[in-house]
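S.K.: Residues 3 to 558 in my numbering are what the sequence shown lists, from first letter to last.
Below are the structure tokens for one structure; questions will follow.
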Amino acid sequence: MTTSTQPLIATPAWQALKAHHQHLAPQRMCEWFDSEPERFSQFSASACGILLDYSKNRITTETMRLLFELAAQEDVAGWRSRLFRGEKINFTERRAVLHSALRNRSNHPVRVAGHDVMPEVNRVLDKMRHFCIKVQSGIWRGHTGEPIRDIVNIGIGGSDLGPLMVTEALRADWLEHIRPHFVSNVDGAQLAQTLANLDPARTLFVVSSKTFTTQETLTNAHSARDWLLQSLGDEGAVASHFVAVSTNREAVSAFGVDPANMFEFWDWVGGRYSLWSSIGLSIALTIGMDNFEVLLDGAHAMDRHFQEAEPEQNLPWIMGLLGVWYSSFFEAGSHAILPYDQGLHRFPAYLQQAEMESNGKCVDRDGNLVNYPTAPVIWGESGTNGQHAFYQLIHQGTRLVPVDFIAPLQCRHGLTHHHPILLANVFAQGEALLRGKNEAEARTELEAEGLSGEALNALLPHKLFPGNRPSNTLLFERLDPFTLGALIALYEHKIFVQGIIWRINSFDQWGVELGKQLAKTILAEMTDPDRPVRHDNSTNALIDYYRNSQKGMGDR
Ligand code: G6Q
């Protein structure tokens, strides 16, 4: 898939931004706020109930004009049409990228190679609905006739992070008699700890794997199956306690799940974009299918906003461009996601995969090495916990860390008096990052504490905050299924915009393959002490160290 012949950094829009960056980098946001009373209204926008305040960024109207020119030069609008039209823009895997079809609530036809996928999407949604009703009403029973209480999703990466993040975020919507659990790690500790508290007769395993070949998931699924059979004794129990979500019918059958209890999805759904598909089954079982569909509604509303709003009002467009601005021009190596909502505690981890797996690439669409930074490291933690830990570095460290504060105006728990305290902290952190604390302010404070002379001068440098550190603030009414759907889709499209500008394929993930291949070879070597090992001498020695540790283990 070829692109412009001119290297990105040589293009007029990039060069203009580079020159602008040099001129703007020493300037202080605080001074702009003093001279621009309209700055908030100028640099804020809203959609689908989400307000984005991006005024506390190192930008002027000229910066935004140049960034929009870059987006026009790189044809973001054209690529957006190709995305939604179902073109095979994931060209290294020869696949369309159509997670938007999974939440296409308009039901307008969406074609992949001329074939409308909407009837199939709706068929699987119906199948999910019927299954959820059966489980939740107790019509679906375990092998011994008990109703299901515990749902264990076994999956990893895209088949885990999305459902886990969403169910955690929507605890207020959990059905009373259903408890979800998530097992992803091949470290048996996670499965063992989960199973220790469960009653096999009341447990349903949802084995979620697009390929149904993933080592971690299959190892966990087989161990869960053994655990079930040890207790219920009868192979026939598997049918009532295991369902599968996959694109691989043969492998699901081979595992022993009746294909009638398999929920399909398709190769045009990327793993990290799959929570909207039947990979969301554990979400729907936990919060009910109606709520799951409201989640889809929210994402669809954001899809429409992304397609229809002018770039200047378009939330994913703006956030994507700001990301490019910091990553490629300020060379900020990381970006922090700081949700002030305990329910969103897995949102940073979810976005870590979404952004880093999508845009952590160093080769452009033409196969050339890029000579500009692409995706930053995404990290974060829910507020206010992070404030008492790593915010120190964001405020006074040597690195520029742009941050996204995310917060609901209302809480969904009973302890409402906590909420203004939480929000006050969001607003305070944004202000502190913007303003910092200058020498005169720090001196006045220290004098008020009774310090003077050398003691004051010695302490003074440590009390200074450079400020001028950028933040976005995203506010919404409450964290409900609709808003969460819109919020996730907002970030998905932000990632898309960035990938187009960086001229990379955001939808493959070859980088996760190498380790998987090597692990298979090494596992065979570890378990066969006579097999020769042919790696670097460090890896050989580590394998030997393990083999030696196993000698005589059987006698202990
Ligand atoms: C996501 C990645 C990756 C994938 C997991 C699980 O985009 O492809 O995280 O989701 O490796 O794969 P399976 O669903 O095939 O088990």
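Heads up, the beta-carbon is just placed ideally off N, CA and C, and yes, glycines get one too.
Predicted, not measured: the structure shown is a model, and the values here were computed from it.
How big is the Cα-Cα spacing for Leu516 and Thr541?
M.R.: Answer to the nearest angstrom: the Cα atoms are 15 angstroms apart.
S.K.: Work out the CA separation of Gln431 and Ala18 for me, nearest whole Å.
M.R.: Approximately 32 angstroms between the Cα atoms of the pair.
S.K.: What residues are listed by DSSP as bridge partners for Lys1?
M.R.: Residue 1 is absent from the model: the chain starts at 3 and stops at 558.
S.K.: What do you reckon, are the CB atoms on Thr146 and Ala203 nearer than 8 angstroms?
M.R.: It is a contact, given that the beta carbons lie within the stated cut-off.
S.K.: Report yes or no: do three or more beta-carbon pairs, one from the region 55-72 and one from the region 30-44, lie closer than 8 angstroms?
M.R.: Because the criterion of three Cβ pairs below 8 angstroms is met, the region 55-72 and the region 30-44 touch.
S.K.: Check for me: the alpha helix (DSSP H) holding Leu193 runs from which residue to which?
M.R.: Here the alpha helix (DSSP H) through Leu193 covers Gly190 to Ala198.
S.K.: Find out if the Cβ-Cβ distance for the pair Val271, Ser284 is shorter than 8 angstroms.
M.R.: Taking 8 angstroms as the Cβ cut-off, Val271 and Ser284 do not qualify as a contacting pair.
S.K.: Can the beta-carbon of Val154 be found less than 8 angstroms from the beta-carbon of Val185?
M.R.: For Val154 and Val185, yes; Cβs fall inside 8 angstroms.
S.K.: The alpha helix (DSSP H) with Asp128 in it runs from where to where?
M.R.: Start and end: Met120 to Ser139.
S.K.: Of all Cβ atoms in chain B, is any one closer than 8 angstroms to the Cβ of Asn124?
M.R.: Within the model displayed, chain B is absent; a lone protein chain is all it includes.
S.K.: Hey, is Arg96 close to the ligand G6Q, as in C-beta under 7 angstroms from one of its heavy atoms?
M.R.: Not so, every heavy atom of the ligand G6Q lies at least 7 angstroms from the Cβ.
S.K.: Please classify Asn539: does DSSP put it in a helix, a strand, or coil?
M.R.: The answer is helix: DSSP assigns Asn539 an H, G or I state.
S.K.: Helix, strand or coil: how does DSSP classify Gly238 here?
M.R.: Three-state result, Gly238: coil.
S.K.: Would you tell me roughly how many angstroms separate the C-alpha atoms of His23 and Ile61, rounded to the nearest one?
M.R.: So the alpha carbons of these two residues sit roughly 9 angstroms apart.
S.K.: If we ignore side chains and look at the alpha-carbon of each, how far apart do Gly51 and Ser233 end up?
M.R.: Rounded to whole angstroms, Gly51 to Ser233 spans 49 angstroms at the Cα level.
S.K.: Along the chain, where does the beta strand (DSSP E) containing Asp1 start, and where does it finish?
M.R.: Given that the chain is displayed from residue 3 to residue 558, the structure contains no residue 1 and the question cannot be resolved.
S.K.: Tell me whether Gly164, by its Cβ, gets closer than 7 angstroms to a heavy atom of the ligand G6Q.
M.R.: No, since every heavy atom of the ligand G6Q falls outside the 7 angstroms radius drawn around the Cβ of Gly164.
S.K.: Using the C-alpha atoms, what's the distance from Ser255 back to Asp128?
M.R.: Distance between the alpha carbons of Asp128 and Ser255 is about 22 angstroms.
S.K.: Can you give me the C-alpha to C-alpha distance between Gly362 and Glu443, rounded to a whole angstrom?
M.R.: Approximately 41 angstroms between the Cα atoms of the pair.
S.K.: When you compare the CB positions of Val208 and Thr219, do they come within less than 8 angstroms of one another, or not?
M.R.: Not a contact, by the Cβ cut-off of 8 angstroms.
S.K.: Does the ligand G6Q have a heavy atom nearer than 7 angstroms to the CB of Glu357?
M.R.: Flag unset: Cβ of Glu357 not near the ligand G6Q.
S.K.: According to DSSP, is Val208 part of a helix, a strand, or is it coil?
M.R.: Residue state, collapsed to three classes: strand.
S.K.: Please report the straight-line C-alpha distance between Leu486 and Leu453, rounded to a whole angstrom.
M.R.: Computed Cα separation, rounded: 49 angstroms.
S.K.: Rounded to whole angstroms, how far is the Cβ of Gly290 from the Cβ of Lys496, which I believe are closer than 8 angstroms?
M.R.: About 29 angstroms separates the two Cβ atoms, so there is no contact after all.
S.K.: Any heavy atom of the ligand G6Q inside 7 angstroms of the beta-carbon of Thr221?
M.R.: Checking the Cβ of Thr221 against the ligand G6Q gives no.
S.K.: To the nearest angstrom, how far is the alpha carbon of Thr4 from that of Ala334?
M.R.: Low confidence applies to Thr4: its pLDDT is 48, below 50, so where it sits in the model is not reliable, and the reading given next is rough at best. Taking the straight line joining both Cα atoms gives about 28 angstroms.
S.K.: Drop a sphere of 10 angstroms on the beta-carbon of Ser37, count the other beta-carbons inside from all chains shown, and report buried for 16 or more, exposed for fewer.
M.R.: So Ser37 ends up on the exposed side.
S.K.: In or out: Gln511 buried (at least 16 other Cβ within 10 Å) or exposed?
M.R.: Buried is the call here.
S.K.: Just checking my contact of His464 with Leu435 at CB under 8 angstroms: how many whole Å lie between their CB atoms?
M.R.: At roughly 18 angstroms, the Cβ-Cβ gap does not stay under 8 angstroms, so His464 and Leu435 are not in contact.
S.K.: Rounded to whole angstroms, what is the Cα-Cα separation between Gln44 and Glu76?
M.R.: Taking the straight line from one Cα to the other gives about 25 angstroms.
S.K.: Considering only DSSP beta bridges, list what His183 is partnered with.
M.R.: In the DSSP output, where bridge partners are listed per residue, His183 has Val154.
S.K.: Taking just the CA atoms, how far does Ile135 sit from Leu317?
M.R.: In a straight line, the C-alpha of Leu317 is about 36 angstroms away from that of Ile135.
S.K.: Around the C-beta of Glu40, are 16 or more other C-beta atoms found within 10 angstroms, so that it is buried, or is it exposed?
M.R.: The residue in question, Glu40, is exposed, as its Cβ has fewer than 16 Cβ neighbours within 10 Å.
S.K.: First and last residue of the beta strand (DSSP E) that includes Thr475?
M.R.: Taken as a continuous stretch (DSSP letters only), the beta strand (DSSP E) holding Thr475 covers Ser473 to Phe478.
S.K.: Out of Glu314, Asp305, Asn474 and Lys553, point me to the one whose CA is closest to Val484's CA.
M.R.: The sequence shown places Phe at residue 484, rather than the Val named in the question. Ranking the options by Cα distance to Phe484, first place goes to Asp305.
S.K.: In the structure shown, what three-state DSSP assignment does Arg60 receive?
M.R.: Here Arg60 sits in coil by DSSP.
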